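Down below is the structure, laid out as structure tokens.
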Amino acid sequence: MAEIHLKSLAHSYSAKPSGPADYAIREMNHVWHQGGAYALLGPSGCGKSTLLNIISGLLAPSEGEVLFDNVRVNELSPKDRNIAQVFQFPVIYDSMTVFDNLAFPLRNAKVPEPKVRAKVNEVAEILELHPVLHNKAKNLTADEKQKVSMGRGLVRDDVSAILFDEPLTVIDPHLKWKLRRKLKQIHEQFNITMVYVTHDQLEASTFADKIAVMYGGQIVQFGTPRELFESPNHTFVGFFIGSPGMNLMEVRRCEGGVAFNGFKVALSDELNEHLALVPSDNLKIGIRPEFVHIWDGPTDDAFEVQVKHTEDLGTYKIVTFELGEQTLKARLDEDREVPNGRAHVSFPQQWLKLYVDEFLVEEQAR
Amino acid sequence: MIIKTDNNKAWWLVLPVFLLVAFSAIIPLMTVVNYSVQDIFDQNNAYFVGADWYREVLRDPRLHDSLLRQFIYSFSVLAIEIPLGIGVALMMPTKGRMGSLCLILLAIPLLIPWNVVGTIWQIFGRADIGLFGWTLNALGVDYNYASNTGDAWATVLLMDVWHWTSLVALLCYSGLRAIPEAFYQAAEIDRASKWAVFRYIQLPRLKSVLVIGILLRFMDSFMIYTEPFVLTGGGPGNSTTFLSQTLTKMAIGQFDLGPAAAFSLIYFLIVLLVSWLFFTTITYMDKAK
């Protein structure tokens, strides 16, 4: 059990990195608290697995420190860090039985045999591996193999943390949900720090209390699923989280707010003041499709838009419309009537986010 | 849908293969069978003798002695070369220039013809002028493969180990390279010791190449002829006379074609039987749960 602190951590796979592009992990500071259930969410190739391997010790970071309970562990092997990791594709020792596979990490640590038996049985019970417990592991199905793989991480109840690297990729959808619930139960039961890597936001939000969103070798936001949804602090988070992602519009400054394609959007005084201070011209505004308001008729502050098409997804509808040359989306309740052709929409100010150089401009007063 | 079975002209396409096998394997083998059951003086004087030659050969103490020697030799070769080959493969660098260099060095002994290997060791081991033999004697070891049975055996074995361990090592090396990195990572996470990694990851995954390696080395060493013939000529006495040498003496030296033919077939059946037993046991163990 440990608190894991990543201090000025960076990693490059090339021996002499010449620029930021050479870094798989860009300098970051991050703390995983003891006992938390975390998800590390990001697209393929953003450095998730690299970060995981650095935490477990399979990979030595080129810069910075990894601290377990404030002790530097950079030079320690995974064995000495006492950490468990489950890989994306099942790794099983196919000359052994399922039982021996699960017992392997314990026997390696010279745990007395009665305790090994008790622990293996407990985990086999949780993962429903009992029917095949004494079979040779190589004859198992892919699902069962991955359960064995996960089981080897779970038998060790004294570990600093358990790291999961997209462990459910090869599992059937209906089992996925069940196994995720199991992991959650195990987390609640043993209170072990768990870090779960995935590129699936649903998987991340059902498993984790807090999600770290990774993009381009950096953790761009660390927060609860709700925080990520309501105030994404990077345009990538806005775009990546939510279905569909946030509407983002490139804008330029104008009197009392910002404008795009000749449409003016008013901003609060605070944001306007802030905008006057920043030199950058890379400005964007974003609004979640859920928060776009569609009026029944023309109002003072609504824009008139052209509805392109509507997708009915059974429980809600997605309306795609055009405002000038900008294509935007809105999400409507299933029972709402969708206007044909022309519609009137507005962007409620409290849900309208301003991004400068892709990062959110925070409003203190809210 | 009607399937016509009376017009299977495609079978004619198998004919060339059948002829090839007949002329290259079956007919020569039948000639030997023919000799083994007859006493042939010349083309017109051949008498059917049934299993007489077999009975004679099986009672022949020369065959017993050389068969025993042959088994001891083959099992010693396997006992040394297999573990040594695995060990060498485990110690080889996996990448870079050193890796390639090791592969080339290992391949060299395999490229040398048998009688050249025999000659190399024949000279290398000589107590008067050979580097190896002379050095041993200079160090105070009384070594002479031409007069001392133990030394002769040691030299013949050493020669085979020198010549063929590379084969086992190269097979194991390729087997080891085929193990995905994820297995080593998982083992590291599971706190496996080096021995546990070898025992539970590397060895099980080397199994198929080791089966091939053991079969090849068994068959080759069981049929060995040229190297010991060049090195010791079967001596001192008959101490390093193996099966094929006894057979050659019988067939060419004494021109006892009948017993020699019976001997050849027995020899062939022993190689076949041992290889079959070994292979069946391994595959059977594989299928068992």
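Residue numbers (my numbering), protein chains in the order written: chain W, 13 to 378; chain A, 1038 to 1326.
No residue lacks a Cβ here, since even glycine has one placed at the ideal position from N, Cα and C.
In this text the structure is predicted, and so the values were computed from the model without any measurement.
Buried or exposed by the 16-neighbour rule on C-beta atoms within 10 Å, applied to Gly326 of chain W: Residue mapping note: residue 326 of chain W aligns to position 314 of the first sequence, counting from 1. When all chains shown are included, Gly326 of chain W counts as exposed.
Min CB distance Met162 of chain W to chain A below 8 Å: Position 150 of the first sequence, counted from the first residue, corresponds to residue 162 of chain W. Taking 8 Å as the threshold, the shortest C-beta distance from Met162 of chain W to chain A does not fall below it.
Closer than 8 Å to chain W by CB, Asp1227 of chain A: As a working note, residue 1227 of chain A is residue 190 in the second sequence. Output row for Asp1227 of chain A: interface = yes.
Supposed close pair Phe176 of chain W, Tyr208 of chain W - CB separation, criterion 8 Å: Taking the first residue of the first sequence as 1, we reach residue 176 of chain W at position 164. Taking the first residue of the first sequence as 1, we reach residue 208 of chain W at position 196. Sure, about 5 Å apart at Cβ, within 8 Å.
Beta-carbon spacing of Lys329 of chain W, Glu302 of chain W below 8 Å: As a first step, residue 329 of chain W must be located in the first sequence, where it is residue number 317. As a first step, residue 302 of chain W must be located in the first sequence, where it is residue number 290. It is not a contact, given that the beta carbons lie outside the stated cut-off.
Enclosing beta strand (DSSP E) for Met226 of chain W [first to last residue]: Translated into positions along the first sequence, residue 226 of chain W becomes position 214. That run of the beta strand (DSSP E) goes 222-227.
Residues that Tyr105 of chain W contacts on chain A, provided the C-beta gap is smaller than 7 Å: Translated into positions along the first sequence, residue 105 of chain W becomes position 93. Within 7 Å Cβ-Cβ: Tyr1237, Ile1238.
Assumed close pair Leu364 of chain W, Val373 of chain W - CB separation to whole angstroms, cut-off 8 Å: As a position in the first sequence, residue 364 of chain W is number 352, starting the count at 1. As a position in the first sequence, residue 373 of chain W is number 361, starting the count at 1. About 11 Å; that fails the 8 Å criterion.
Buried or exposed by the 16-neighbour rule on C-beta atoms within 10 Å, applied to Ala22 of chain W: The residue given as residue 22 of chain W occupies position 10 in the first sequence. With 16 or more other Cβ atoms within 10 Å, it is buried.
Local Cβ density within 10 Å of Glu215 of chain W, reported as buried at 16 or more and exposed below that: Working through the first sequence from its first residue, we reach residue 215 of chain W at position 203. Its Cβ being crowded by 16 or more others within 10 Å, Glu215 of chain W is buried.
Distance between Val1125 of chain A and Gln1276 of chain A (C-alpha atoms, nearest Å): Against the second sequence, residue 1276 of chain A aligns to sequence position 239. Against the second sequence, residue 1125 of chain A aligns to sequence position 88. In the sequence as displayed, the identity of residue 1276 of chain A is Ser instead of Gln. For Ser1276 of chain A and Val1125 of chain A, the distance between alpha carbons rounds to 31 Å.
Residue environment, Leu289 of chain W, which counts as buried when at least 16 other CB atoms sit within 10 Å: Indexing the first sequence from 1 puts residue 289 of chain W at position 277. Looking at its Cβ environment, which holds fewer than 16 other Cβ atoms inside 10 Å, Leu289 of chain W is exposed.
Near the ligand HEM: Leu1147 of chain A beta-carbon under 7 Å from a heavy atom: Absence of the ligand HEM from the depicted structure is noted, as is the absence of any ligand whatsoever, leaving it without description.
Cα-Cα separation, Asp281 of chain W to Gln361 of chain W: Against the first sequence, residue 281 of chain W aligns to sequence position 269. Against the first sequence, residue 361 of chain W aligns to sequence position 349. When the Cα atoms are used, Asp281 of chain W and Gln361 of chain W turn out to be separated by approximately 12 Å.
Three-state class that DSSP yields for Leu372 of chain W in the structure shown: Start at 1 with the first residue of the first sequence, and residue 372 of chain W comes out as number 360. Three-state result, Leu372 of chain W: strand.
Contact with chain W by Pro1146 of chain A, beta-carbon distance below 8 Å: Start at 1 with the first residue of the second sequence, and residue 1146 of chain A comes out as number 109. Judged by the 8 Å Cβ criterion, Pro1146 of chain A is not in contact with chain W.
Stretch-stretch touch, CB-based, cutoff 8 Å, three pairs: the stretch 1184-1198 of chain A with the stretch 1110-1124 of chain A: Verdict: yes, contact present.
Exposed unless 16 or more other CB atoms sit within 10 angstroms - verdict on Arg378 of chain W: Within the first sequence, the letter at position 366 stands for residue 378 of chain W. Because the pLDDT of Arg378 of chain W is 42, which lies under 50, any placement of that residue in the model is unreliable, and the number read from its coordinates should be weighed accordingly. Per the 10 Å Cβ criterion, exposed.
Under 8 Å by beta carbon: chain W residues contacting Gln1075 of chain A: Walking along the second sequence from the start, residue 1075 of chain A turns up at place 38. One finds nothing in chain W with a Cβ atom closer than 8 Å to the Cβ of Gln1075 of chain A; even the nearest lies about 53 Å away.
Three-state secondary structure (DSSP) of Arg378 of chain W: Taking the first sequence and counting its residues from 1, the one referred to as residue 378 of chain W is at position 366. Confidence is the limiting factor: at Arg378 of chain W the pLDDT is only 42, short of 50, which leaves the residue's position unreliable and the question unanswerable from this model.
Spatially closest choice to Lys341 of chain W from W:Gly298, W:Phe371, W:Gly48, by CA coordinates: In the first sequence, residue 341 of chain W corresponds to position 329, counting from 1. For Lys341 of chain W, the nearest C-alpha among the options comes from W:Gly298.
Beta-bridge partners of Cys266 of chain W, as assigned by DSSP: Your numbering for residue 266 of chain W matches position 254 in the first sequence. Beta-bridge pairing links Cys266 of chain W to W:Gly269.
Outcome for Lys127 of chain W when other beta-carbon atoms lying within 10 angstroms are tallied against a minimum of 16: Within the first sequence, the letter at position 115 stands for residue 127 of chain W. By the neighbour-count criterion, in which a residue is buried when 16 or more other Cβ atoms sit within 10 angstroms of its Cβ, Lys127 of chain W is exposed.
Cut-off 6 Å between Cβ atoms - residues of its own chain near Glu75 of chain W, not counting five sequence neighbours on either side: As a working mapping, residue 75 of chain W is identified with position 63 in the first sequence. For Glu75 of chain W, where only same-chain residues beyond five positions count, the Cβ hits under 6 Å are Ala22.
Backbone CA spacing between Asn1045 of chain A and Leu1052 of chain A [nearest angstrom]: As a position in the second sequence, residue 1045 of chain A is number 8, starting the count at 1. As a position in the second sequence, residue 1052 of chain A is number 15, starting the count at 1. Cα to Cα, Asn1045 of chain A sits roughly 13 Å from Leu1052 of chain A.
Partners in chain A for Leu70 of chain W, counting only beta-carbon separations shorter than 8 Å: As a first step, residue 70 of chain W must be located in the first sequence, where it is residue number 58. Against chain A, the beta carbon of Leu70 of chain W has neighbours under 8 Å at Gln1222, Glu1225, Ile1226, listed in chain order.
Neighbour-count burial assignment, Gln201 of chain W, 16 or more Cβ in a 10 Å radius: Numbered from its first residue, the first sequence carries residue 201 of chain W at position 189. Gln201 of chain W is classed as exposed because its beta carbon has fewer than 16 other beta carbons within 10 Å across all chains shown.
Neighbour-count burial assignment, Arg192 of chain W, 16 or more Cβ in a 10 Å radius: Counting from 1 along the first sequence, the entry for residue 192 of chain W is found at position 180. It is buried - the Cβ of Arg192 of chain W has at least 16 other Cβ atoms within 10 Å.
C-beta neighbour in chain W for Ala1215 of chain A, strict 8 Å: Position 178 of the second sequence, counted from the first residue, corresponds to residue 1215 of chain A. By this cut-off, Ala1215 of chain A is not an interface position.
Secondary structure of Asp1323 of chain A, DSSP reduced to three states: As a working mapping, residue 1323 of chain A is identified with position 286 in the second sequence. In the three-state DSSP reduction, Asp1323 of chain A falls in the helix class (H, G or I).
8 Å Cβ cutoff, Phe176 of chain W in contact with chain A: For the purposes of this step, residue 176 of chain W is identified with residue 164 of the first sequence, where counting begins at 1. Using beta-carbon distances, Phe176 of chain W does not count as an interface residue toward chain A, since no partner is under 8 Å.
Per-residue DSSP class, three states only, for Val1153 of chain A: By one-based count along the second sequence, residue 1153 of chain A stands at place 116. In this structure, Val1153 of chain A counts as helix in the three-state DSSP scheme.
Pick from W:Tyr105, W:Phe101, W:Leu71 that is closest to Glu90 of chain W, judged by C-alpha positions: On the first sequence, position 78 is the one that residue 90 of chain W refers to. Looking at the sequence itself, residue 90 of chain W is Pro, so the reference to Glu does not match. Answer by Cα proximity: W:Leu71.
Own chain residues within Cβ distance below 6 Å of Ala1288 of chain A, not counting five before or after: Position 251 of the second sequence, counted from the start, is the residue given in the question as residue 1288 of chain A. Within the same chain, Ala1297 come within 6 Å of Ala1288 of chain A by CB-CB distance, once the 5 residues on both sides are set aside.
Beta carbon proximity, Ser89 of chain W to chain A, threshold 8 Å: Looking up residue 89 of chain W in the first sequence gives position 77. In terms of beta-carbon proximity, Ser89 of chain W lines the interface with chain A, with at least one pair separated by less than 8 Å.
Start and end residues, alpha helix (DSSP H) containing Lys252 of chain W: By 1-based counting over the first sequence, the position of residue 252 of chain W is 240. Position check: residue 252 of chain W holds Phe in this sequence, whereas Lys was assumed. Its alpha helix (DSSP H) spans residues 247-252.
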